[in-house]
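Novice:
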Amino acid sequence: MLRGLPRARRPARARGAGRRDPRLRNVPELLRPRGPPRRGTRDRHARDRRPARRSGHHRPPVNLSGYLDNAATACPKAPGVAEAVASCLASNCGNPGRGAHRAAIEAARIREQVRTAAARRLGGDPERTLFGPGATYWINAVLASRLGDGGTVAVSALEHNAVMRPLRRLQQTRGVEIVVVEGADGTGVPGADEFADAVRSSGARLAVATHASNVTGAVLPVERIAQAIAPVPLLVDGAQTAGAIPFDLASSGVAAFACSAHKGLLAPPGLGLLLLAPGFDIDPPVLGGTGSRSDSEQMPDHLPDRLEPGTPNLPAIAGLGAALAFLEREGADTLGDRLGRLGARLLDGLAGLPGVELVGVDPDAPRTPTVSFRVPGRDLGELARALDRRHGLMLRAGLHCAPAAHRRLGTFPDGTLRASPGPFTEEAAIDRLVDALREELS
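Quick note, in this note's numbering, the sequence shown goes up one by one and the last residue is 497.
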């Protein structure tokens with residue numbers, strides 16, 4: 056203590072201080088107001104009262120130069136996406152169809168403008184191009200509507216759990232029969248004739264095919280399959296191809312095309328699209344307010360309102376609009392050529408590594424740049440962690456939510472190590488991966 060200065064007086068204790076207020080009896084401890092700690096005691100809640108650091112400043116950003124997991128989600132997103140999302144949240148966050156004021160009108164304009172752009176990109180009718188929480192949501196909706204009273208469905212052997220889990224539930228609860236169509240070669244890709252034979256022999260009322268395997272990158276001939284099984288409708292899971300491989304619903308013969316926004320379309324997560332061909336309809340998966348026909352307690356008959364109840368994810372829709380604009384500027388051929396070069400470089404590099412086995416690869420068949428491989432005798436999870444921690448390379452090890460595909464490919468239950476470049480991947484990242492694997496496996 057400094058000499059000559061008077062000792063500070065402790066303020067008088069207020070009447071009732073320290074007593075428990077009966078009004079707070081049912082309030083959780085952490086939510087109760089607290090005064091300063093008693094002298095000489097440790098305040099166990101001191102951390103709770105420290106000023107929070109501003110978001111984004113407490114951790115350095117992830118270095119994405121070694122990101123090779125674009126089959127899970129594109130990273131980074133397209134230029135302009137973050138700005139479009141932020142602008143929507145800051146100034147264009149009205150609720151479309153809920154009011155005649157400027158904020159609601161502007162929100163509706165954004166939604167419908169992006170709907171039109173998405174329909175144009177994928178060859179659909181804007182009125183039959185639907186927004187929802189994700190591709191999984193829409194796949195569930197189609198399966199539940201078309202198989203809710205039973206029946207038989209034909210599926211490829213390469214399906215994701217977004218297809219197989221709802222089908223297994225329908226098998227258990229509705230007696231749905233599942234016919235799996237397996238390709239004859241090592242890729243597991245079924246041909247159109249194999250699908251047609253399976254549909255006709257089983258009497259299937261619906262067929263489902265992934266457009267590309269999320270495990271191997273192999274592309275299925277969905278247009279030929281749709282034509283071969285007609286008039287039985289085909290649902291296509293386009294999560295791995297939308298934005299990366301050209302697709303035109305109108306000319307494909309496909310009945311329904313579901314895709315996510317956050318992968319090849321380079322848009323935010325939390326948004327999926329369903330495109331329905333004319334004459335193919337489904338029941339609403341959920342019911343609620345639409346902003347239209349509010350005088351009725353029944354869902355409206357017209358699309359898209361009948362299948363889009365509730366408040367839409369407008370920030371993600373705005374981000375999708377920016378991503379679609381980027382894809383339009385770049386051009387499908389430019390992006391396709393870039394992805395093709397990256398995939399070929401990846402295949403060539405991995406094929407030259409001793410001990411590395413490529414899985415489900417036919418280099419002469421159509422494919423996305425996604426490649427799966429395994430290293431017999433090595434723990435793939437540990438190898439993936441080593442690539443991340445020692446080399447800054449981000450791959451995914453395991454079953455990739457597609458156990459059916461791994462059973463067909465002979466890689467169940469250990470799975471594979473998957474590398475999936477995207478449009479912003481540099482060739483140097485592919486070379487780094489090959490060099491890192493050579494070092495780790497030596």
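Positions of the beta carbon are idealized from the N, C-alpha and C atoms, including for glycine.
Mark Asn483 as exposed unless 16 or more other C-beta atoms lie within 10 angstroms of its C-beta, in which case mark it buried.
Specialist: Mapped onto the sequence shown, residue 483 falls at position 428. Position check: residue 483 holds Ala in this sequence, whereas Asn was assumed. It counts as exposed.
Novice: Please specify which runs of the beta strand (DSSP E), each continuous and at least 3 residues long, are wholly inside the stretch 162-197, giving them in chain order.
Specialist: Listed in chain order, they are 184-187.
Novice: Figure out for me which residue from Ala127, Pro134, His215 has the closest Cα to the Cα of Arg384.
Specialist: Against the sequence shown, residue 384 aligns to sequence position 329. Of Ala127, Pro134, His215, the residue nearest in Cα terms is Pro134.
Novice: So, does the stretch 311-327 touch the stretch 290-299, judging by three or more C-beta pairs under 8 Å?
Specialist: Counting Cβ pairs under 8 Å, three or more are found: they touch.
Novice: Between which two residues does the alpha helix (DSSP H) carrying Val277 extend?
Specialist: Stepping through the sequence shown from its first residue, residue 277 is reached at position 222. Element bounds for Val277: 277-284.
Novice: Do Pro188 and Phe479 count as a contact pair if the criterion is CB distance below 8 Å?
Specialist: The residue labelled residue 479 in the question sits at position 424 within the sequence shown. The residue labelled residue 188 in the question sits at position 133 within the sequence shown. Their beta carbons are not under 8 Å apart, which means Phe479 does not touch Pro188 by this criterion.
Novice: Per DSSP, what are the beta-bridge partners of Glu412 in this structure?
Specialist: For this step, residue 412 is matched to residue 357 along the sequence shown. DSSP, once it has assigned bridges, lists Arg429 as partnering Glu412.
Novice: Excluding the 5 residues flanking Ala474 on each side, which residues of the same chain have their C-beta closer than 7 Å to its C-beta?
Specialist: As a working note, residue 474 is residue 419 in the sequence shown. Leu123, Leu401, Val426, Leu450, Leu488, listed in sequence order.
Novice: Whole angstroms are fine: how far does the CA of Pro418 sit from the CA of Gly243?
Specialist: As a first step, residue 243 is located in the sequence shown; it is residue number 188 there, counting from the start. As a first step, residue 418 is located in the sequence shown; it is residue number 363 there, counting from the start. Approximately 14 Å between the Cα atoms of the pair.
Novice: Between which residues of its own chain and Pro340 is the CB-CB distance below 6 Å, once the five residues before and five after are set aside?
Specialist: The residue you call residue 340 lines up with position 285 of the sequence shown. For Pro340, where only same-chain residues beyond five positions count, the Cβ hits under 6 Å are Ala196.
Novice: As an exercise, report each continuous alpha helix (DSSP H) stretch of at least 4 residues that is fully enclosed by the stretch 221-303, in chain order.
Specialist: With a minimum length of 4 residues, the continuous alpha helix (DSSP H) runs that stay inside the stretch 221-303 are 247-257, 277-284.
Novice: Quick one: is Gly365 buried, meaning 16 or more other Cβ sit within 10 Å of its Cβ, or exposed?
Specialist: The residue you call residue 365 lines up with position 310 of the sequence shown. It counts as exposed.
Novice: Anyone know if the C-beta pair for Leu321 and Val136 falls short of 8 Å?
Specialist: Here residue 321 is taken as the residue at index 266 of the sequence shown, counted from 1. Here residue 136 is taken as the residue at index 81 of the sequence shown, counted from 1. Their beta carbons are under 8 Å apart, which means Leu321 touches Val136 by this criterion.
Novice: Rounded to whole angstroms, what's the CA-CA distance from Glu182 to Asn150? Just pull it up for me.
Specialist: Working through the sequence shown from its first residue, we reach residue 182 at position 127. Working through the sequence shown from its first residue, we reach residue 150 at position 95. If I take the Cα positions, the gap works out to 19 Å.
Novice: Three-state secondary structure (DSSP) at Ala107?
Specialist: Position 52 of the sequence shown holds residue 107. Caution applies to Ala107, whose pLDDT of 48 falls short of 50 and renders its modelled position unreliable; the model cannot decide the point.
Novice: If you draw a straight line from the alpha carbon of Ile300 to that of Ala267, how long is it in whole angstroms?
Specialist: For the purposes of this step, residue 300 is identified with residue 245 of the sequence shown, where counting begins at 1. For the purposes of this step, residue 267 is identified with residue 212 of the sequence shown, where counting begins at 1. Approximately 10 Å, taken between the alpha carbons.
Novice: Let me make sure I understand the geometry here. Which of Phe335, Pro367, Leu326 has the alpha-carbon closest to that of Gly344?
Specialist: Stepping through the sequence shown from its first residue, residue 344 is reached at position 289. Among Phe335, Pro367, Leu326, the Cα nearest to that of Gly344 belongs to Pro367.
Novice: Rounded to a whole number of angstroms, what is the C-alpha to C-alpha distance between Pro333 and Ala420?
Specialist: Counted from its first residue, the sequence shown places residue 333 at position 278. Counted from its first residue, the sequence shown places residue 420 at position 365. If you take the alpha carbons of Pro333 and Ala420, they lie about 31 Å apart.
Novice: Kindly indicate which three-state DSSP category Phe479 falls into: helix, strand or coil?
Specialist: Taking the first residue of the sequence shown as position 1, residue 479 is located at position 424. If DSSP states are grouped into helix, strand and coil, Phe479 belongs with coil.
Novice: Can you list, in chain order, the residues of its chain with a C-beta nearer than 6 Å to that of Glu481? Leave out the 5 residues immediately preceding and following it.
Specialist: Numbered from 1 along the sequence shown, position 426 holds the residue referred to as residue 481. Hits under 6 Å: none found.
Novice: With 16 as the cutoff for other CB atoms within 10 Å, does Ala251 come out buried or exposed?
Specialist: Counted from its first residue, the sequence shown places residue 251 at position 196. Label assigned to Ala251: buried.
Novice: Comparing alpha-carbon positions, which option in Ala155, Cys148, Leu177, Arg176 lies nearest Arg166?
Specialist: As a position in the sequence shown, residue 166 is number 111, starting the count at 1. It is Cys148.
Novice: Can you give me the C-alpha to C-alpha distance between Asp180 and Ser306, rounded to a whole angstrom?
Specialist: On the sequence shown, residue 180 is found 125 positions in, with the first residue counted as 1. On the sequence shown, residue 306 is found 251 positions in, with the first residue counted as 1. When rounded, the distance between both Cα atoms is 12 Å.
Novice: Kindly give me the distance between the Cβ atoms of Leu289 and Val277, rounded to whole angstroms, as I take these residues to be in contact under 8 Å.
Specialist: Within the sequence shown, the letter at position 234 stands for residue 289. Within the sequence shown, the letter at position 222 stands for residue 277. At roughly 7 Å, the Cβ-Cβ gap stays under 8 Å, so Leu289 and Val277 are in contact.
Novice: Can you say whether Leu144 is buried or exposed, counting buried as having 16 or more other CB atoms within 10 angstroms of its CB?
Specialist: Walking along the sequence shown from the start, residue 144 turns up at place 89. Result: exposed.
Novice: Roughly how far, in whole angstroms, is the beta-carbon of Val430 from the beta-carbon of Gly404, given that I think they are within contact range, below 8 Å?
Specialist: Residue 430 sits at position 375 when you count from the first residue of the sequence shown. Residue 404 sits at position 349 when you count from the first residue of the sequence shown. In fact, because the Cβ distance is near 14 Å, the residues do not count as touching under 8 Å.
Novice: Beta-carbon within less than 6 Å of Val274's beta-carbon, same chain only, minus the 5 sequence neighbours each way: which residues are those?
Specialist: Locating residue 274 in the sequence shown gives position 219, where the first residue counts as 1. Taken in chain order, the residues that qualify are Ala267, Pro421, Arg422.
Novice: What are the start and end residues of the beta strand (DSSP E) that includes Thr471?
Specialist: Looking up residue 471 in the sequence shown gives position 416. Here the beta strand (DSSP E) through Thr471 covers 471-474.
Novice: What is the residue span of the alpha helix (DSSP H) that Val140 lies within?
Specialist: As a position in the sequence shown, residue 140 is number 85, starting the count at 1. Val140 -> alpha helix (DSSP H) spans 136-146.
Novice: What is the C-beta distance between Ala217 and Ala190, in whole angstroms, given that I count them as a contact (C-beta under 8 Å)?
Specialist: Your numbering for residue 217 matches position 162 in the sequence shown. Your numbering for residue 190 matches position 135 in the sequence shown. Contact holds; Cβ gap of about 6 Å.
Novice: Out of Arg175, Gly346, Pro355, which one is the CA nearest neighbour of Ile160?
Specialist: Within the sequence shown, residue 160 is the residue found at index 105, counting from 1. The candidate whose alpha carbon is nearest that of Ile160 is Gly346.
Novice: Please report the distance separating the alpha-carbon of Gly246 from that of Pro115.
Specialist: As a working mapping, residue 246 is identified with position 191 in the sequence shown. As a working mapping, residue 115 is identified with position 60 in the sequence shown. Taking the straight line joining both Cα atoms gives about 48 Å.
Novice: Can you look up Met354 in the DSSP assignment and give me helix, strand or coil?
Specialist: Along the sequence shown, read from residue 1 onward, the residue named residue 354 stands at position 299. Coil.
Novice: Using CA atoms only, rank isn't needed, just tell me which of Thr128, Met354, Val254 is closest to Val235.
Specialist: Counting from 1 along the sequence shown, the entry for residue 235 is found at position 180. Here the closest residue by C-alpha is Val254.
Novice: Can you check which of these residues, Arg433, Ser120, Glu214, is closest to Leu464 by C-alpha distance?
Specialist: As a first step, residue 464 must be located in the sequence shown, where it is residue number 409. The option with the nearest alpha carbon to Leu464 is Glu214.
Novice: Which residues bound the alpha helix (DSSP H) around Thr389?
Specialist: Numbered from its first residue, the sequence shown carries residue 389 at position 334. Segment 387-406, the alpha helix (DSSP H) holding Thr389.
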